[in-house]
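Single-structure report; data block below.
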DNA sequence: TTGACAAATGACCGATTAGTCATTAGTATA
DNA sequence: TATACTAATGACTAATCGGTCATTTGTCAA
């Protein structure tokens with residue numbers, strides 16, 4: 226659906242300029258060259274629009290990192306360098322959305338929004354930790370969680386440079402600089418603050434499983450969007466399984482693994498695992 | 226004026242919970258146990274309230290750092306440790322306001338708000354750079370601006386721990402951990418990314434001098450608030466100098482230096498220097 | 001008790017918002 | 001061409017907002 230993408234693009238520009246609250250649906254529709262009614266044909270509400278933006282951007286970042294770490298075939302320093310470069314390029318390309326995040330950070334809109342951001346944050350943590358393990362091995366077991374926070378801190382602070390200055394920056398130099406810093410901290414740091422226990426404490430108490438209704442709604446939304454045929458088939462099958470309540474866990478598990486491959490389905494895969502109590 | 230403080234406290238709690246936009250004046254007055262009209266006796270607008278909050282807390286943080294770096298009498302590692310500890314305690318004590326900042330970050334409200342935040346940010350940069358000079362001397366001239374960004378990054382990332390977890394954290398351990406990290410980066414880092422030139426580019430083009438009207442308004446506000454007698458006298462004298470247009474620069478310079486001692490007057494001292502074109 | 005003044009109130013205003021829905025325009029089929 | 005259907009419209013609503021101001025309340029000295 227091309228209309229949806231048009232709205233998302235134009236809305237993103239406005240959100241980056243003015244913030245979410247300060248941007249009216251009217252402005253979005255004017256900039257998109259459509260009527261107000263047409264907006265509500267694509268999105269049920271203004272909130273649904275920002276959810277879509279977050280899903281789109283975050284799932285892309287997470288799957289980019291995942292791909293690098295799991296299947297990139299890079300080694301040690303090269304991996305770290307490519308990691309930073311990938312993240313930075315992502316920020317550069319989507320600096321508009323990054324601006325929205327900076328501005329709106331956990332803006333108390335909705336419990337689902339908070340859960341989503343928390344979920345993607347955990348995915349990123351998982352991927353970075355995996356990378357740290359690959360690069361440094363067991364030697365930094367005591368400080369790896371602290372290093373995780375430093376890496377995220379580097380990303381956070383330097384990404385501000387993109388957002389507040391629109392200057393063209395030398396990403397390769399920046400990535401090299403961050404690689405050096407990360408290595409220094411990894412190899413010589415002896416006083417960790419963030420421990421495994423603290424990270425576990427920070428993982429908010431899990432919400433209960435989603436209702437059947439919300440799950441089906443999400444799946445239907447995805448079926449309308451997803452391109453890949455076999456993913457769409459798996460989604461249909463999953464919907465049937467939910468409605469039939471058969472609980473064929475092996476089949477469901479396989480289907481979830483299939484849809485999980487598609488970045489767009491990341492969040493719904495998470496909800497499905499919650500719903501069916503998989504691992 | 227005690228009413229003003231009551232409003233500021235209650236508003237701060239609400240802003241931290243819901244954000245600035247999402248909090249109505251109605252809610253603030255209800256929580257404060259006053260009427261809507263009474264609110265507008267203390268503040269001319271909702272914007273003026275958030276300006277007051279920012280001025281109040283940012284000037285406190287800046288003067289705390291300034292005091293440490295300029296007159297604390299600490300040396301090297303001890304100075305760095307006290308610096309982190311002071312900042313962290315400030316965040317802990319005012320975690321509500323820190324939350325508001327995280328949420329509202331440059332929320333496009335008003336040109337004056339942006340200028341204020343930028344001004345305080347520059348004050349903090351100045352103080353940190355002075356500290357870096359004291360501790361490391363000329364040896365890190367090439368990487369000091371990069372180190373500045375790392376220090377600010379550490380503060381940023383770990384302060385999130387306060388804000389999103391309400392856990393009691395071991396600030397002394399955290400400060401020690403950050404001292405070690407800072408020293409590592411200062412002593413071994415060789416690939417800087419942030420240079421003096423880049424920092425200068427990031428300093429937004431300065432606004433023109435304030436009008437006589439706005440200046441007098443700010444001074445009057447401060448006269449009503451400031452406790453210290455001699456500061457109040459200096460403010461009165463400054464107001465007279467402005468109205469008389471005498472331009473006795475030496476006298477004015479001295480008066481500005483006097484009021485600058487008071488943390489509350491930091492911003493107006495900045496405006497005065499702009500107005501009278503001092504240094 | 002009275003009168004004068006300041007402090008405080010809350011009903012009210014115009015502006016703006018997200019969201020709705022009766023209506024129209026456009027398009028494909030018979 | 002007539003019919004049936006979807007896509008698209010924008011005037012409209014109900015709610016909420018920041019801010020105002022005629023009115024009431026409280027507090028003094030006389």
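Protein chains in written order, with our numbering: chain W, 226 to 504; chain V, 226 to 504.
All C-beta atoms, glycine included, are put in the ideal place defined by N, C-alpha and C.
CA-CA distance, residue 404(V) to residue 302(V), rounds to 7 Å. For residue 375(V), the enclosing alpha helix (DSSP H) covers residues 369 to 389.
Bounds of the alpha helix (DSSP H) holding residue 265(W) are 261 to 267.
Contacts with chain W (Cβ-Cβ distance below 8 Å) from the stretch 238 to 260 of chain V involve 242, 243, 244, 246 and 247, listed in chain order. Nearest neighbour of residue 231(W) by Cα position, chosen from 499(W), 473(W), 254(W) and 401(W), turns out to be 254(W).
Residue-level contact by beta carbon fails for residue 434(W) and chain V, as no gap is shorter than 8 Å.
Around the beta carbon of residue 261(W), fewer than 16 other beta carbons lie within 10 angstroms, which makes this residue exposed.
If only uninterrupted alpha helix (DSSP H) runs of at least 4 residues are considered, those enclosed by the stretch 386 to 447 of chain V are 396 to 413 and 421 to 427. Under the 10 Å beta carbon count, residue 292(V) is surrounded by fewer than 16 other beta carbons and is classified as exposed.
Look at the beta carbons and you see the stretch 258 to 275 of chain W not touching the stretch 343 to 353 of chain W: under three pairs across the two are nearer than 8 Å.
At a cut-off of 8 Å, the C-beta of residue 374(W) has a neighbouring C-beta in chain V. Neighbours of residue 417(W) across chain V, judged by C-beta separation under 7 Å: 402. Taking a contact to require three or more Cβ pairs closer than 8 Å, the stretch 399 to 414 of chain W and the stretch 400 to 415 of chain V qualify as touching.
Taking a beta-carbon distance threshold of 8 Å, residue 384(W) does not count as an interface residue toward chain V. Its chain contains 312 as the residues whose beta carbon lies nearer than 7 Å to that of residue 380(V), once the 5 sequence neighbours on both sides are disregarded; these appear in chain order. With 16 or more other Cβ atoms from the protein chains shown falling within 10 Å of its own Cβ, residue 483(V) counts as buried. Just so you know, the alpha carbons of residue 280(W) and residue 337(W) end up roughly 12 Å apart. When secondary structure is reduced to three states using DSSP, residue 247(V) falls in the coil class, being assigned neither helix nor strand. Residue contact with chain V for residue 479(W): absent (no Cβ-Cβ distance below 8 Å to any residue of chain V).
Sequence-distant Cβ neighbours of residue 473(W) in its own chain, meaning closer than 8 Å and more than five residues away, are 466. Judged by beta-carbon spacing, residue 241(V) lies within the 8 Å limit of residue 324(V), meaning their Cβ atoms are closer than that value. In terms of Cβ geometry, residue 418(V) and residue 427(W) do not form a close pair [threshold 8 Å]. The beta carbon of residue 384(V) is closer than 7 Å to those of 316 and 323 in its chain, skipping five residues each way along the sequence. Residue-level contact by beta carbon fails for residue 354(W) and chain V, as no gap is shorter than 8 Å. DSSP places residue 318(V) in the helix class (H, G or I) of the three-state scheme. Shown here, residue 241(V) sits in a helix according to DSSP, grouped into three states. For residue 482(V), the enclosing alpha helix (DSSP H) begins and ends at 474 to 485.
In this chain, the alpha helix (DSSP H) harbouring residue 462(V) covers 454 to 469.
As the crow flies, the alpha-carbon of residue 493(V) is around 29 Å from that of residue 378(V). Residue-level contact check: residue 270(W) does not touch chain V, since none of the beta carbons of chain V fall below 8 Å from its beta carbon.
In the DSSP annotation of this structure, residue 365(V) is not part of any alpha helix (DSSP H), being labelled neither H nor E. A direct Cα-Cα distance of roughly 9 Å separates residue 229(W) from residue 274(W). A Cβ of chain W is located within less than 8 Å of the beta carbon of residue 410(V). Close partners of residue 379(W) in chain V (Cβ separation under 7 Å): 378.
Excluding residues up to 5 positions away in sequence, 444, 477, 480, 481, 484 and 497 lie with their Cβ nearer than 8 Å to the Cβ of residue 463(V) in the same chain.
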